[in-house]
Amino acid sequence: MYGGMGNMGNMAGMMKKVQKMQNQMKKMQDELKRKTVEVTSGGGAVKIVMDGEKKVESMTIDPAAVDPEDVEMLQDLITAAFNEATQKVDEMMASEMSKLTSGLGLPPGLF
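Position one of the sequence shown corresponds to residue 591 (this note's numbering), numbered consecutively onward.
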């Protein structure tokens, strides 16, 4: 006998920890889906509110930013706001995920 029972106990304990972490992760992801980020570009000319699933909940465009002679500027402002919003969602997810996995001693980036 090579201490088989002890190893099985350790494995069962580890599986319980993994299962608990998976449940916590699912709960956290569900909560993050409901959270929103808000960004502006062009000094507030364009505002985007995006949820944790990267769905745009609202977009506000200041009428002063709508210049028929310079549509490209408005497109750039919308693009910048959208890109910043998606980056903020990613950062929010990564931050919450690192809080969850920090106590497990797992290598960074595993989840």
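Glycine residues also receive a C-beta, built at the ideal position from the N, C-alpha and C atoms.
All values reported here derive from a predicted model rather than from experimental measurement.
- Between the alpha carbons of Gly632 and Glu659 lies a gap of roughly 17 Å.
- Burial is judged here by how many other beta carbons sit within 10 angstroms of a residue's own beta carbon; Met640 has at least 16 and is buried.
- According to the DSSP assignment, Asp666 belongs to the alpha helix (DSSP H) that extends over Val661 to Thr691.
- For Lys644, there is no enclosing beta strand (DSSP E), since its DSSP letter is neither H nor E.
- Boundaries of the beta strand (DSSP E) around Val629: Thr626 to Ser631.
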